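S.K.: Numbered per this note's numbering, the sequence shown spans residues 1136 to 1446.
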Amino acid sequence: MPFSRGLDDPFVDALNSLHNDAGGEWWRRFLCDPEIFVAIRYNSLNAYYRGCSLAKITFPNGTIVAETHYKYLVRSSATSPMIAWRGDDFHFPKSWKSGSDAIFIENLSDTAALKRAANRFAGGEKKLVAEILKRHESEVIDVEIALTNDAEAAEDNSVLRLDLAALRSFAGGVEIVFYEAKLFKNKELRAQGEEVSVIKQIESYQPLIEERCNEIRFSYLRVAQNIEKIKGMSDARRQGARNMLQHSTALRVCKEPVLVIGGFDRDQQKGKVWESHYKKLMQLGLGRVIAAGEGKSINLFPTPRGASRLD
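(1) Report the rounded CA-to-CA distance for Asn1242 versus Val1333, giving the unit in angstroms.
(2) Counting along the chain, where does the alpha helix (DSSP H) carrying Ala1359 start and finish?
(3) Just how far apart, CA to CA, sit Arg1325 and Trp1409?
(4) Is it true that the CB of Ile1218 sits closer than 7 Å to the CB of Ala1149?
(5) Considering only the beta carbon of each residue, do Ser1304 and Gly1375 sit closer than 7 Å?
(6) For a test of the three-state rule: what should DSSP assign to Ile1311, helix, strand or coil?
(7) Give the secondary structure of Arg1296 by DSSP, where H, G and I count as helix, E and B as strand, and everything else as coil.
(8) Taking 8 Å as the limit between beta carbons, can you name the residues of its chain near Ile1502, skipping five residues before and five after?
(9) Does the Cβ of Leu1445 have 16 or more other Cβ atoms within 10 Å, making it buried, or fewer, making it exposed?
(10) Let's see if you can read the secondary structure: which residues bound the alpha helix (DSSP H) around Ala1371?
(11) Tell me the DSSP secondary structure of Phe1436 in three-state form.
(12) Given 8 Å as the limit, is there contact between the segment 1347–1354 and the segment 1159–1167, that is, 3 or more CB pairs closer than that?
(13) Can you give me the Cβ contacts of Val1209 inside the same chain, cut-off strictly under 8 Å, excluding the 5 residues immediately before and after it?
(14) On the DSSP letters alone, give me the boundaries of the beta strand (DSSP E) that Gly1397 sits inside.
(15) Pop quiz: Leu1189 and Tyr1205 are said to be a contact at Cβ under 8 Å. What is the actual Cβ separation, rounded to whole angstroms?
(16) At a cut-off of 6 Å, is Ser1273 close to the ligand MN when judged by its beta-carbon and the heavy atoms of the ligand?
(17) Are there 16 or more other CB atoms within 10 angstroms of the CB of Arg1221, so buried, or fewer, so exposed?
(18) Just mark Asn1361 as buried or exposed, buried being the case when its beta carbon has 16 or more other beta carbons within 10 Å.
(19) DSSP three-state label for Ser1304, please.
(20) Alpha carbon to alpha carbon, how far is Asn1178 from Arg1140? Give it in angstroms, no decimals.
(21) Could you check which residue in Met1379, Ala1182, Ile1171, Phe1138 has the C-alpha nearest to that of Lys1269?
(22) Can you tell me whether DSSP reads Phe1138 as helix, strand or coil?
(23) Leaving out five residues before and five after Phe1436 in sequence, what residues of the same chain have Cβ atoms less than 6 Å from its Cβ?
(24) Taking the straight line between their C-alpha atoms, what separation do you get for Arg1185 and Val1331?
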């Protein structure tokens, strides 16, 4: 199936009504939390925190429905996982306030508790992406990107997804660039003979991007229109959407994903063993490897455009 993004107008209208409604507190909290990225899919949304989808929001039969995995509803304060069965009843640990309400988060509006629960499932690379997002809030337009709707709908975590899509300016317009983020310790960055796993992964995306170039461009223009209309979207997200719409005729899609590396120190940077691996990574080409020790130091758009060494 093709690559598709964007919400129908009735869905956007319903979200705006929810934003004004007393029962829409959970939605308002998702939108105003700087650590939660509300990603627009094809007639659905995902509220991401460090790569974890706290909720998938859909509009079946004209009603907004938010679904979350039960694992994100288990309170982090429930330190003891063992519940005793004695005779004919469960006996909860004394450290818990009461029964099930001490185990499960009862309201989707409790974003702080949802994030604490999700932290147990957020790996280091997703935390790296979150740091990059914080620095580039007005440029990032999507996260956790599967390049087909079939892959998007798949529950299998083995489905490859690009970590970020962001807007990069050039003379006279902007382009959509995809990024794959890896921690320095990830073995996929190391060469096994002449092959490097991460290079094979990134190169596997290129034919899909080339094939779906027009779909990607059209989809993200629709996403930009949605962001402009959805009440409660951050000023930074609106700024990125307006930039895209203002340059709609000159909007292009970069067909070559960029590798981002983070999470290393000076000693690791200077290591002789790493140097040989780094040279292999440069097979990707000029401007396609960006690295910095910490995510907050990563610039997705180095100037002048070129390969960024580990610094």
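Glycine is no exception: its CB is placed at the ideal position from the N, C-alpha and C atoms.
All of these numbers come straight from a predicted model, not from anything done at the bench.
M.R.: Per the coordinate set shown:
(1) In the sequence shown, the residue the question calls residue 1242 occupies position 107. In the sequence shown, the residue the question calls residue 1333 occupies position 198. The alpha-carbon atoms of Asn1242 and Val1333 are separated by roughly 40 Å.
(2) Translated into positions along the sequence shown, residue 1359 becomes position 224. Ala1359 -> alpha helix (DSSP H) spans 1348–1364.
(3) Taking the sequence shown and counting its residues from 1, the one referred to as residue 1325 is at position 190. Taking the sequence shown and counting its residues from 1, the one referred to as residue 1409 is at position 274. When rounded, the distance between both Cα atoms is 8 Å.
(4) Translated into the one-based positions of the sequence shown, residue 1149 becomes position 14. Translated into the one-based positions of the sequence shown, residue 1218 becomes position 83. No, they are not a contact pair.
(5) By 1-based counting over the sequence shown, the position of residue 1304 is 169. By 1-based counting over the sequence shown, the position of residue 1375 is 240. No, they are not a contact pair.
(6) Translated into the one-based positions of the sequence shown, residue 1311 becomes position 176. Strand, per DSSP.
(7) Taking the sequence shown and counting its residues from 1, the one referred to as residue 1296 is at position 161. Arg1296 falls in the coil class under three-state DSSP.
(8) Because the chain spans 1136 through 1446 in this model, residue 1502 falls outside it and cannot be assessed.
(9) Within the sequence shown, numbered from 1, the residue matching residue 1445 stands at position 310. In this predicted model, Leu1445 has a pLDDT of only 40, less than 50, meaning its place in the structure is not dependable; the value taken from the coordinates is given anyway. Leu1445 is classed as buried because its beta carbon has at least 16 other beta carbons within 10 Å across all chains shown.
(10) Locating residue 1371 in the sequence shown gives position 236, counting from the first residue. Counting along the chain, the alpha helix (DSSP H) containing Ala1371 begins and ends at 1370–1381.
(11) Counting from one through the sequence shown, the residue named residue 1436 turns up at place 301. When DSSP states are grouped into helix, strand and coil, Phe1436 belongs to the coil group.
(12) Inter-segment contact for the segment 1347–1354 and the segment 1159–1167 is absent: fewer than three beta-carbon pairs are separated by less than 8 Å.
(13) Indexing the sequence shown from 1 puts residue 1209 at position 74. Beyond the five residues adjoining it in sequence on each side, Val1209 comes within less than 8 Å, by CB distance, of Ile1238, Phe1239, Ile1240, Ala1252 in the same chain, given in chain order.
(14) Residue mapping note: residue 1397 aligns to position 262 of the sequence shown, counting from 1. Per DSSP, the unbroken beta strand (DSSP E) holding Gly1397 starts and ends at 1393–1397.
(15) Sequence index remark: in the sequence shown, residue 1189 carries index 54 (1-based). Sequence index remark: in the sequence shown, residue 1205 carries index 70 (1-based). About 12 Å; that fails the 8 Å criterion.
(16) No copy of the ligand MN occurs in the structure displayed, which carries no ligand at all.
(17) Position 86 of the sequence shown, counted from the first residue, corresponds to residue 1221. When all chains shown are included, Arg1221 counts as exposed.
(18) The count along the sequence shown starts at 1 and reaches residue 1361 at position 226. Counting of Cβ neighbours within 10 angstroms places Asn1361 among the buried residues, the total reaching 16 or more.
(19) Your numbering for residue 1304 matches position 169 in the sequence shown. The three-state reading of DSSP puts Ser1304 in strand, counting E and B together.
(20) Within the sequence shown, residue 1140 is the residue found at index 5, counting from 1. Within the sequence shown, residue 1178 is the residue found at index 43, counting from 1. C-alpha separation (whole angstroms): 7 Å.
(21) Numbered from 1 along the sequence shown, position 134 holds the residue referred to as residue 1269. The option with the nearest alpha carbon to Lys1269 is Ile1171.
(22) The residue you call residue 1138 lines up with position 3 of the sequence shown. Coil.
(23) Position 301 of the sequence shown holds residue 1436. Only Arg1303 meet the Cβ criterion.
(24) As a position in the sequence shown, residue 1185 is number 50, starting the count at 1. As a position in the sequence shown, residue 1331 is number 196, starting the count at 1. Cα atoms of Arg1185 and Val1331: separation of roughly 26 Å, rounded to the nearest angstrom.
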